[in-house]
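Student: Before I ask anything, here is the structure I am working with.
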Amino acid sequence: MHIKNQQDFWSGLMFIALGVGFALFSTSYDMGTPARMGPGYFPFWLGVVLALLGGIVTINSLRGEEGEDHHIGKFDFDILALIIGSIVVFGVMLDNLGLYISLVILVIFSSLASHEFSLKIAIGNAIFLVIFTWLAFVRGLGLIFPLWPVPIAEWPTYAMIIIPVSIIIGVIILISKLKGSK
Amino acid sequence: MMELFEHLSLGFSVAFTLENLSYAFLGCLLGTLIGVLPGIGPVPTIAMLLPLTYVLPPTAGLIMLAGIYYGSQYGGSTTAILVALPGETSAVVTVLDGHQMAKNGRAGAALSIAALGSFFAGCFATILLAAFAPPLAEVAFKFGPAEYFSLMCLGLIGAVVLASGSLPKAVCMIILGLLLGMVGTDVNSGVARFDFGIPELQDGIDFAVVAMGVFGLAEIMNNLAQKENRVDITDKLGSLYPNKQEFKEAAPAVLRGTMLGSALGILPGGGAVLSSFASYTLEKKISKNPERFGKGHPAGLAGPESANNAAAQTSFIPLLTLGIPGNAVMALMVGAMTIHNIQPGPQVMSSHPELFWGLIVSMWIGNLMLVVLNLPLVGLWVKLLKVPYRVLFPAILLFCTIGVYSLNYNAFDIYVMGIFGIIGYIWTKLKCEGAPLLLGLVLGPMMEENFRRALLLSRGDFLTFVERPLSLTLLLMALGLVILVALPSIRKKREATFVEED
Chain B
1 MHIKNQQDFW
11 SGLMFIALGV
21 GFALFSTSYD
31 MGTPARMGPG
41 YFPFWLGVVL
51 ALLGGIVTIN
61 SLRGEEGEDH
71 HIGKFDFDIL
81 ALIIGSIVVF
91 GVMLDNLGLY
101 ISLVILVIFS
111 SLASHEFSLK
121 IAIGNAIFLV
131 IFTWLAFVRG
141 LGLIFPLWPV
151 PIAEWPTYAM
161 IIIPVSIIIG
171 VIILISKLKG
181 SK
Chain A
183 MMELFEHLSL
193 GFSVAFTLEN
203 LSYAFLGCLL
213 GTLIGVLPGI
223 GPVPTIAMLL
233 PLTYVLPPTA
243 GLIMLAGIYY
253 GSQYGGSTTA
263 ILVALPGETS
273 AVVTVLDGHQ
283 MAKNGRAGAA
293 LSIAALGSFF
303 AGCFATILLA
313 AFAPPLAEVA
323 FKFGPAEYFS
333 LMCLGLIGAV
343 VLASGSLPKA
353 VCMIILGLLL
363 GMVGTDVNSG
373 VARFDFGIPE
383 LQDGIDFAVV
393 AMGVFGLAEI
403 MNNLAQKENR
413 VDITDKLGSL
423 YPNKQEFKEA
433 APAVLRGTML
443 GSALGILPGG
453 GAVLSSFASY
463 TLEKKISKNP
473 ERFGKGHPAG
483 LAGPESANNA
493 AAQTSFIPLL
503 TLGIPGNAVM
513 ALMVGAMTIH
523 NIQPGPQVMS
533 SHPELFWGLI
543 VSMWIGNLML
553 VVLNLPLVGL
563 WVKLLKVPYR
573 VLFPAILLFC
583 TIGVYSLNYN
593 AFDIYVMGIF
603 GIIGYIWTKL
613 KCEGAPLLLG
623 LVLGPMMEEN
633 FRRALLLSRG
643 DFLTFVERPL
653 SLTLLLMALG
663 LVILVALPSI
673 RKKREATFVE
683 ED
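Residue numbers (this note's numbering), protein chains in the order written: chain B, 1 to 182; chain A, 183 to 684.
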């Protein structure tokens, strides 16, 4: 047996797993009868159909022609970690450090994901965006954000761990990037 | 006919208030701006700006969103002409002849042709929308839950048949979307489903969060993985006025493109992409000198540009009359309406006539604004193109997170967006499309509701879906579409189209 289409093969497996997962999960809710459906009925059958279709996708991936563009592209874990990481950390920081500081950190750390990182531009960009955010979102639209830091004593425990650790990691990446570019 | 005028005058009275005019203008401006910026398409744009419109009154919010939609379409074609960078898929065809014209020193003329062609198409399609919406809504009033369920099946199938690569995978994505739509409290029993004990999940997953993760974040990560490629921008625009010959060649193509686009736009999933491809093929086929296509033939630019704008406009017809979104952008519009407590569907026209007609008229005004905006401001847009991506993407990230946070003022939504960003990134590697998922997510609760109600009414008899003639017709149409795609000859053609698109 030879996989002809890597993309479809793994997508198929993913659909099967998700379908089975949702269907099994649904059985913990009341199924009811067709005339009086419980909360589990519709998702259960959707899950079953998803798993079946996923099976078709998987089987189809074993046939047909092998093509260059059917391979799964390379995952860029650095970019993934930097982008998702800086967003998640922003979420944690927002409630504790306030909008302005969190924003600057988000912009600088996420900028590290670019192939052409420049600290000067990142800082300039961050300053511009602080002003823009203040003008457009805080003054203009009147969105209610926590703007300024909360005393550290009032932080929840997870924030006390996540924020310093992530800042240290970010600074290490920043320094290594700066050294690497010289 | 009289009624049509009455409706339109109501629409004008709504759209011509200072407030709504300025929101239409703001929408067009923002849309064009973001459409011009490379690497961000209309879906993430609208998702990103959607939360900001929640603070507006419903009519103003929808007018602004519509403005963003066609604004970004316009902006996309500007970049396609000037730098051969299509801002979105429907502008891919624009590159072929539009950019060639720019290379031949006729950039200004190409921009004018695109803008005027789009404007004409927009006017025509708006009138079509105003004329056809009421009778279609009439039909929709005869629909019971069984018909609605079948209609949604047709809508979802149609959307993927016409607009995506692999059919089985797209259907899987729809079902996955429907399942994600089940997350949260079940309306009938009050049971919280798939919430994993997390209180925030009991309200369901917001589609804007999913859209920003799957489209916005995943797109950013994919763009970053490629090294930034420098583009040379045509600084010399040349005259903005097309010469006589260009005008002569473009005018009939605009007409044909408008007709074709209007018709295809109504089909679910048809929308802008399909119509611009279809129009290009048509123009090339009927042209006396097809060898000039791809070398800067005005018809090859004017046809597709008019077609995609007409389609963008008429794709509002199924949304406004039946409440069924035909593409991902329309799915976002459904979400925006639901947030304002407006159930999309035929009743919108009678229960919120000011919103309905105001929106339609503002589309026309928006189109006019775009012509006024785009031509004189071209120089500014060209400058914007020079903004490097490394400056742009942190800003996009920031706006996404701020937008998501402002939905509920809860950082939890930011984490969910991050998770969908990772999932979306994996999906792009597996070539699983996000648009069908979004449609499923938006329609999920509605579909389950109607499915349940239909079976409640029929006392659990599944045959109700095929015994009611209207419902049967809709289901047969859906089945017909699937069979049509499975036919070998059409399959080949379809595959060829999508290969070209990549």
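Glycine included, every Cβ here is placed at the ideal spot set by N, Cα and C.
Looking at C-alpha atoms only, which residue of B:N5, B:M31, B:F90 is the closest neighbour of A:R375?
Tutor: Of the listed residues, the one whose Cα sits closest to A:R375 is B:M31.
Student: Here's the rule: buried if 16 or more other CB atoms are within 10 angstroms of the residue's CB, otherwise exposed. What is A:Q408?
Tutor: A:Q408 comes out exposed.
Student: If the cut is a Cβ gap below 8 angstroms, which residues of chain A does B:F90 touch?
Tutor: Simply T583, I596.
Student: Roughly how far, in whole angstroms, is the beta-carbon of B:F15 from the beta-carbon of B:A51, given that I think they are within contact range, below 8 angstroms?
Tutor: Right, the Cβ-Cβ distance comes to about 7 angstroms (below 8 angstroms), so this counts as a contact.
Student: Is the beta carbon of A:C175 sitting closer than 8 angstroms to the one on A:L449?
Tutor: Absent from the structure is residue 175 of chain A, since the part of chain A shown begins at 183 and ends at 684.
Student: What are the start and end residues of the alpha helix (DSSP H) that includes B:W155?
Tutor: Counting along the chain, B:W155 falls outside any alpha helix (DSSP H), and DSSP gives it neither H nor E.
Student: Which runs of the alpha helix (DSSP H) at least 4 residues long sit entirely within the region 69-136 of chain B? Give them in chain order.
Tutor: Runs of the alpha helix (DSSP H) inside the region 69-136 of chain B: 77-97, 99-111, 119-133.
Student: State the Cα-Cα distance for the pair B:S26 and B:V107, rounded to the nearest angstrom.
Tutor: Straight-line Cα distance between these residues: approximately 41 angstroms.
Student: Suppose the cutoff is 7 angstroms on Cβ atoms and the five residues either side in sequence are ignored; what does the same chain contact list for A:L186 look like?
Tutor: Correct list, in chain order: A312, A313.
Student: Using the rule of at least 16 other Cβ atoms within 10 Å of the residue's Cβ for burial, across every protein chain shown, is A:W563 buried or exposed?
Tutor: Under this definition A:W563 is a buried residue.
Student: Does the beta-carbon of A:H189 have 16 or more other beta-carbons within 10 angstroms, so that it is buried, or is it exposed?
Tutor: Answer is buried; the Cβ neighbour count reaches 16.
Student: Ignoring anything shorter than 4 residues or poking outside the region 192-264 of chain A, list the alpha helix (DSSP H) runs there in chain order.
Tutor: The region 192-264 of chain A contains these whole alpha helix (DSSP H) runs: 200-218, 224-235.
Student: Just grab the DSSP bridge partners of B:G32 for me.
Tutor: Beta-bridge pairing links B:G32 to B:M37.
Student: Identify, in the order they occur along the chain, each residue of the same chain with its Cβ nearer than 7 angstroms to the Cβ of A:L623, setting aside the five sequence neighbours on each side.
Tutor: The residues are G359, L362, G363, F389, V392.
Student: Are the C-beta of A:A577 and some C-beta of chain B separated by less than 8 angstroms?
Tutor: Output row for A:A577: interface = yes.
Student: Checking contacts by CB at 8 angstroms: is A:F376 closer than that to chain B?
Tutor: Cβ-Cβ to chain B under 8 angstroms: yes for A:F376.
Student: With contact counted as at least three CB pairs below 8 angstroms, one residue from each stretch, are the region 583-602 of chain A and the region 317-336 of chain A in contact?
Tutor: At 8 angstroms Cβ cutoff, the stretches do not touch.
Student: Once you ignore the five residues that flank A:G213 on each side, which residues in its own chain have a CB closer than 8 angstroms to its CB?
Tutor: Excluding positions up to five away in sequence, the list reads P224, T227, G249, I250, Y251, Y252, G253, S254, Q255, Y256, G257.
Student: Would A:F325 pass as a contact of A:F633 if the rule is Cβ separation under 8 angstroms?
Tutor: No, Cβ-Cβ distance for A:F325 and A:F633 is not below 8 angstroms.
Student: For A:I245 and A:V648, what's the separation of their Cα atoms in angstroms?
Tutor: Rounded to the nearest angstrom, the two C-alpha atoms are 39 angstroms apart.
Student: For A:Y423 and chain B, any beta-carbon pair shorter than 8 angstroms?
Tutor: Chain B, which has no Cβ nearer than 8 angstroms to the Cβ of A:Y423, makes this no.
Student: Which word fits A:T403, buried or exposed, when buried means at least 16 other C-beta atoms lie within 10 angstroms of its C-beta?
Tutor: In the sequence on display, residue 403 of chain A carries Met and not Thr. The residue is buried, with at least 16 neighbouring Cβ atoms inside 10 Å.
Student: Would you identify the three-state DSSP class for A:R650, choosing helix, strand or coil?
Tutor: Coil at A:R650, not helix or strand.
Student: Using the Cα positions of A:L264 and A:F429, report the straight-line distance between them to the nearest angstrom.
Tutor: Approximately 20 angstroms between the Cα atoms of the pair.
Student: Apart from the five residues on each side of it in sequence, which residues of its chain come closer than 8 angstroms, Cβ to Cβ, to A:M184?
Tutor: Cβ within range, chain order: n/a, list empty.
Student: Identify the continuous alpha helix (DSSP H) that holds A:W539 and give its terminal residues.
Tutor: Taken as a continuous stretch (DSSP letters only), the alpha helix (DSSP H) holding A:W539 covers 535-556.
Student: Buried or exposed: which applies to B:F75, given that a residue is buried once 16 or more other Cβ atoms fall within 10 Å of its Cβ?
Tutor: So B:F75 counts as exposed.
Student: Pull up the DSSP beta-bridge partners for A:A374, would you.
Tutor: In the DSSP output, where bridge partners are listed per residue, A:A374 has A:T367.
Student: Nearest-angstrom Cα distance between A:L589 and A:N523?
Tutor: Spanning the two alpha carbons is a distance of roughly 15 angstroms.
Student: Assess, as a yes-or-no matter, whether the region 626-645 of chain A is touched by the region 535-543 of chain A under the definition of 3 or more beta carbon pairs within less than 8 angstroms.
Tutor: Flag = no, the region 535-543 of chain A and the region 626-645 of chain A do not touch.
Student: How long is the line joining the alpha carbons of A:G548 and A:G243, rounded to whole angstroms?
Tutor: Each residue's Cα considered, the two are about 14 angstroms apart.
Student: Thinking just about the alpha-carbon of each residue, which of B:Q6, B:M160, B:I3, B:G12 is nearest to the one in B:M93?
Tutor: Nearest option by C-alpha distance: B:M160.
Student: Which of helix, strand or coil does DSSP assign to A:L501?
Tutor: DSSP places A:L501 in helix when its eight states are reduced to three.
Student: For the alpha helix (DSSP H) containing A:E401, list its first residue and its last residue.
Tutor: Per DSSP, A:E401 belongs to the alpha helix (DSSP H) from 400-407.
Student: So A:M283 and A:L483 are in contact, right, with Cβ under 8 angstroms, and what is the actual spacing, rounded?
Tutor: Contact holds; Cβ gap of about 6 angstroms.
Student: In terms of residue numbering, what span does the alpha helix (DSSP H) encompassing B:T27 cover?
Tutor: Where B:T27 is concerned, there is no enclosing alpha helix (DSSP H), given that its DSSP letter is neither H nor E.
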